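Chemist: Residue numbers for the sequence shown follow our numbering, so the first one is 4 and each next one is one higher.
Beta carbons are placed, not taken as given, at the ideal position from N, Cα and C, and that holds for glycine.
None of these values were measured; they are calculated from a predicted model.
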Amino acid sequence: MSGKILLVEDEHSIAEPVIYNLKQEGFSVTHVDEGPIALEIFGEESFDLIILDLMLPQISGLDICRSIRKSSDVPIIMVTAKDSEADRVAGLELGADDYVTKPFSVRELMSRVRAVLRRTTSKTSTKEKSVKAGNIEINLSKYEAKVDNNKIDLTPREFELLYAFCENQGNLMSREQIFDEIWGYSFIGNTKTLDVHIQRIREKIEVDPKKPKRLITVRGVGYKLVNDE
């Protein structure tokens, strides 16, 4: 596997083994340890994926994520402290695709990097170019989603999730199935990541996100997209 990765990490003891293993996997890696430099380089070059530490000097990782999402859907994997659930949720709400918590194994990070890049580079080629579910329409060729013919802005992960729900309209998708199909690895007990993305999708497709009628919860099992027309 190959690709160009931007690593934003100020702890060099963490960055060095990550860089080594990414290069061993065939990736090209640009490493920066300050937020302003990261934004400057991102504005000048194209990347296939960003690995972003949230605790950075000068500009926080959350602010960097927010800035990047204004102009790009490049996949972002956050690196967070073990006890910072609030930061993880905030990052996911801003559009990050996944996260790992410190201390993490390089093997785990490599697995998540590969999973994200597999989804963005090859998975769409096996799907239909467009899918329609009631008033929701998704066009893969244009990378565009509409509700009632009005374009909605989705992060890459939200786009994949909504596409999967549309493909399976009327059918229950278990949490395990969603994690395996969208995240690329098996369900491991922490559902916060999925819950945040579901909440954000509802804000974009539901008339009243607090009382969803399209993307409904099947308690204890998973989610189902139903036609409310």
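What is the residue span of the beta strand (DSSP E) that D56 lies within?
Modeler: L52 to D56 is the span of the beta strand (DSSP E), which, as asked, contains D56.
Chemist: Which residues mark the beginning and the end of the alpha helix (DSSP H) in which V229 is found?
Modeler: No alpha helix (DSSP H) holds V229; DSSP gives it neither H nor E.
Chemist: Consider the Cβ of S70: report whether some Cβ of chain B lies at a distance smaller than 7 Å.
Modeler: Annotation note: the requested chain B is absent from the structure, which comprises a single protein chain.
Chemist: Please state whether DSSP places E170 in a helix, a strand or coil.
Modeler: Helix.
Chemist: Report the CB separation of G64 from L55 in whole angstroms; it is logged as a contact under 8 Å.
Modeler: So it is a contact: roughly 5 Å between Cβ atoms.
Chemist: Assuming L9 contacts I53 (C-beta within less than 8 Å), just tell me the rounded distance between them.
Modeler: 5 Å between Cβ atoms; contact.
Chemist: List the endpoints of the continuous beta strand (DSSP E) containing E43.
Modeler: Careful: E43 lies outside any beta strand (DSSP E), inside the alpha helix (DSSP H) at G38 to E47.
Chemist: DSSP beta-bridge partners for D101?
Modeler: D101 pairs with I80.
Chemist: Per DSSP, what are the beta-bridge partners of G6 in this structure?
Modeler: Per DSSP, F30.
Chemist: What's the C-alpha gap between F107 and F162?
Modeler: Cα-Cα distance, rounded: 27 Å.
Chemist: Roughly how far, in whole angstroms, is the beta-carbon of D141 from the beta-carbon of L165, given that I think they are within contact range, below 8 Å?
Modeler: The identity of residue 141 in the sequence shown is Ile, whereas the question assumes Asp. Confirmed, Cβ separation roughly 6 Å.
Chemist: Give the single residue among L143, P78, T83 and S144 whose Cα lies nearest to the Cα of A118.
Modeler: Closest option to A118, Cα to Cα, is P78.
Chemist: Please report the distance separating the alpha-carbon of Y23 from that of K7.
Modeler: Computed Cα separation, rounded: 14 Å.
Chemist: Roughly how many angstroms separate the alpha carbons of I44 and S133, rounded to a whole number?
Modeler: If I take the Cα positions, the gap works out to 34 Å.
Chemist: Do the CB positions of L197 and R205 come within less than 7 Å of each other?
Modeler: Not closer than 7 Å, so no.
Chemist: Taking the alpha-carbon positions, what's the I62 to A89 distance?
Modeler: In a straight line, the C-alpha of I62 is about 18 Å away from that of A89.
Chemist: To the nearest angstrom, how far is the alpha carbon of I17 from that of L112?
Modeler: If you take the alpha carbons of I17 and L112, they lie about 12 Å apart.
Chemist: Please classify L175: is it buried, with 16 or more other beta-carbons within 10 angstroms of its beta-carbon, or exposed?
Modeler: Exposed, by the Cβ-count rule.
Chemist: Going by other Cβ atoms of all chains shown within 10 Å of its Cβ, with 16 needed for buried, is I201 buried or exposed?
Modeler: The residue is buried, with at least 16 neighbouring Cβ atoms inside 10 Å.
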